[in-house]
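Enquirer: Okay, so the sequence shown: first residue is 176 according to my numbering, each after it adds one.
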Amino acid sequence: MTKTVIVGANHAGVAVANTILDNAPDQEVVMIDSNTNLSYLGCGTALWVGRQIDSYEGLFYTKKEDFENKGATIHMETSVDLIDFEKKVVHCVTKDGDTFSEGYDKLVLATGSTPISPKIPGNDLKNIQFLKRFQDGQAVDHILGDETTKTVAVIGAGYIGVEIAEAAKRRGKNVLLFDAVDRALPNYYDKWFTDDMDKNLADHGIELHFGELVQEYKGNDKVEAIVTAKGEYPVDLVINAIGFLPNAKLGKDHLELFKNGAYLVDRHQMTSDPDVYAVGDCATVYSNALQATTYIALATNAIRSGLVAGYNIAGITVESEGVQGSNGISIFGLNMVSTGLSVEAAKKQGLEVTYTDYEDLQRPDFMKENANVKIRIVYEVSSRRIVGAQLSSREDIAGTIHMFSLAIAEKFTIDKLKLLDIFFLPHFNQPYNYITMAALQAK
């Protein structure tokens, strides 16, 4: 009987375990995680902290007992301090300090990522928080509930930073948003879109400090100010949302790594050791936009990689279809979605691309409920294949990005998109749909 040990029991690890247990019930599955809980949807933290949902309970979609009922063994609040890859043994330590070992036939590393912590003066002060685990959300929520917490500084204007800035503002706090670059959300959107988000944030009272690198935290016991090259700002809470690094310390001396330190895996999620798989934020993915291996830390990628590894371990040969890095955000009613590469990201990766833009109402102008939509389609100059798309609106345009994700995966060209059959009904869209119009204007 094959025994699989899974180190890490959040999205990727959960997907591996469920897939093996559902498809190969004769196999033995052991799950190990250092946390007290599993399956926490961290993307919902800002919704809960900002009181857009009533409680956090719904952010957990499974529990320890669910796996035990399927026959798995699960060790929570247990850390792995060493893996003997030659003898195929995982050495564990419980929260009480007890030690034990688990042998394996197959090992899955689902250790995720760790928050980037700037090594600057004052980084050990209290009230400097990160947002990764459920406990981090609890701590931020508790501090925001303190009436003495008046001003919040968010460091990093990526997805997590922008979302928690909105949440803190919804809690009635004075919010300062910092980033070393000159705009919000630069990794997923071009400036045509981020200009709108920057204005949206400012219009809702968030104080923007872009192009400011935080150099120091000041305070006695708790943080009282942050310092940049442009000034010193009094604060009561700092939420650090700079980003994450792959957590690959357990296998870094044995397994082949990607240039950023993530485990390098093939299309079956197998590492350089054929008995070891890596999934989720600690591993690489294959980008269909780039047509190359890369690193994209998203929960959706984690789940899909877990499914692929689980099927292969269960004896069902499956290859990853690759990813597009599809994503979205909704801040104060402004919705933005993207997939693949922005123009800026494509150029950084050495792809020669161009793009086509279009802007119009979602529906015919005789419809009362209506809002503007912006779309950009990015395509490669030589092949003309679509490699990215971005949309923004106060309408719900999220579903449109799925079509572009599929287009990238299938190497669909901008020219084929020009005559794509797209239905029309005034309740939903225009007879000359903005997708069609953008494609028709492509060079």
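Note that the Cβ used here is the ideal one computed from N, Cα and C, for glycine as well. Nothing here was measured: the structure is a model prediction, and the numbers come from that model.
Using the C-alpha atoms, what's the distance from G336 back to A221?
Expert: Looking up residue 221 in the sequence shown gives position 46. Looking up residue 336 in the sequence shown gives position 161. Roughly 9 Å between the two C-alpha positions.
Enquirer: Opposite L536 in the DSSP bridges: which residues?
Expert: Counting from 1 along the sequence shown, the entry for residue 536 is found at position 361. Answer is N547, bridged to L536.
Enquirer: Thinking I207 and T274 are a contact (beta carbons under 8 Å), I'd like their distance in whole angstroms, please.
Expert: Position 32 of the sequence shown, counting from 1, holds the residue named residue 207. Position 99 of the sequence shown, counting from 1, holds the residue named residue 274. With 8 Å as the limit, I207 and T274 do not qualify as a contact, their Cβ atoms being about 13 Å apart.
Enquirer: Decide yes or no for the touch test of the stretch 442 to 462 against the stretch 492 to 509: beta carbon pairs closer than 8 Å, at least 3 of them.
Expert: Cβ pair count under 8 Å is three or more, so yes.
Enquirer: I'd like the span of the alpha helix (DSSP H) that includes E443, first residue to last.
Expert: Locating residue 443 in the sequence shown gives position 268, counting from the first residue. In the sequence as displayed, the identity of residue 443 is His instead of Glu. Counting along the chain, H443 falls outside any alpha helix (DSSP H), and DSSP gives it neither H nor E.
Enquirer: Need the endpoints of the alpha helix (DSSP H) that F385 sits in, please.
Expert: Against the sequence shown, residue 385 aligns to sequence position 210. Looking at the DSSP string, F385 is not in any alpha helix (DSSP H); the run it does join, the beta strand (DSSP E), is 382 to 385.
Enquirer: Taking the DSSP output, what are the residues bridged to E203?
Expert: Taking the sequence shown and counting its residues from 1, the one referred to as residue 203 is at position 28. Partner(s): K178.
Enquirer: What separation, rounded to the nearest whole angstrom, lies between the Cα atoms of H602 and N476?
Expert: In the sequence shown, the residue the question calls residue 602 occupies position 427. In the sequence shown, the residue the question calls residue 476 occupies position 301. Distance between the alpha carbons of H602 and N476 is about 33 Å.
Enquirer: Give the C-beta separation of V329 and F305 to the nearest angstrom, bearing in mind that I take them to be a contact with Cβ-Cβ under 8 Å.
Expert: Start at 1 with the first residue of the sequence shown, and residue 329 comes out as number 154. Start at 1 with the first residue of the sequence shown, and residue 305 comes out as number 130. Not a contact, Cβ separation roughly 11 Å.
Enquirer: Write down every uninterrupted run of the beta strand (DSSP E) in the stretch 390 to 457 whose length is 3 residues or greater and which is fully enclosed by it, in chain order.
Expert: The stretch 390 to 457 contains these whole beta strand (DSSP E) runs: 398 to 403, 406 to 409, 412 to 415, 419 to 421, 451 to 453.
Enquirer: Does DSSP classify N476 as helix, strand or coil?
Expert: Here residue 476 refers to the residue found at position 301 when the sequence shown is read from its first residue. It is helical.
Enquirer: Can you check which of these residues, P290, K593, E544, A342, is closest to V315 by C-alpha distance?
Expert: Along the sequence shown, read from residue 1 onward, the residue named residue 315 stands at position 140. Comparing Cα-Cα distances from V315 to each of P290, K593, E544, A342, the minimum goes to A342.
Enquirer: So if DSSP puts M612 in a beta bridge, which residue, or which two residues, is it bridged to?
Expert: On the sequence shown, residue 612 is found 437 positions in, with the first residue counted as 1. BP columns for M612 are empty, so no partner.
Enquirer: Reducing DSSP to helix, strand and coil, say where A184 ends up.
Expert: Translated into the one-based positions of the sequence shown, residue 184 becomes position 9. Residue state, collapsed to three classes: coil.
Enquirer: Can you list, in chain order, the residues of its chain with a C-beta nearer than 6 Å to that of E527? Leave out the 5 residues immediately preceding and following it.
Expert: For the purposes of this step, residue 527 is identified with residue 352 of the sequence shown, where counting begins at 1. The answer, listed in chain order, is V556.
Enquirer: Let me check understanding here. Comparing Cα to Cα, which of A464, L600, G455 lies closest to G188?
Expert: In the sequence shown, counting from the first residue as 1, residue 188 sits at position 13. With distances taken between Cα atoms, G188 lies closest to G455.
Enquirer: If you draw a straight line from the alpha carbon of K549 to that of H379, how long is it in whole angstroms?
Expert: The sequence position of residue 549 within the sequence shown is 374, counting from 1. The sequence position of residue 379 within the sequence shown is 204, counting from 1. If you take the alpha carbons of K549 and H379, they lie about 21 Å apart.
Enquirer: Rounded to the nearest angstrom, what separates Q499 and D396 at their Cα positions?
Expert: Position 324 of the sequence shown, counted from the first residue, corresponds to residue 499. Position 221 of the sequence shown, counted from the first residue, corresponds to residue 396. Rounded to whole angstroms, Q499 to D396 spans 44 Å at the Cα level.
Enquirer: Could you tell me whether the Cβ atoms of S230 and W223 are closer together than 8 Å?
Expert: Sequence index remark: in the sequence shown, residue 230 carries index 55 (1-based). Sequence index remark: in the sequence shown, residue 223 carries index 48 (1-based). A contact, by the Cβ cut-off of 8 Å.
Enquirer: Could you tell me the distance, in whole angstroms, from the CA atom of L536 to the CA atom of L600?
Expert: In the sequence shown, the residue the question calls residue 536 occupies position 361. In the sequence shown, the residue the question calls residue 600 occupies position 425. Cα-Cα distance, rounded: 14 Å.
Enquirer: With DSSP collapsed to three states, give me the class of L372.
Expert: Counting from one through the sequence shown, the residue named residue 372 turns up at place 197. Per the sequence presented here, residue 372 reads as Met, with Leu not at that position. Reduced to three states, the DSSP call for M372 is helix.
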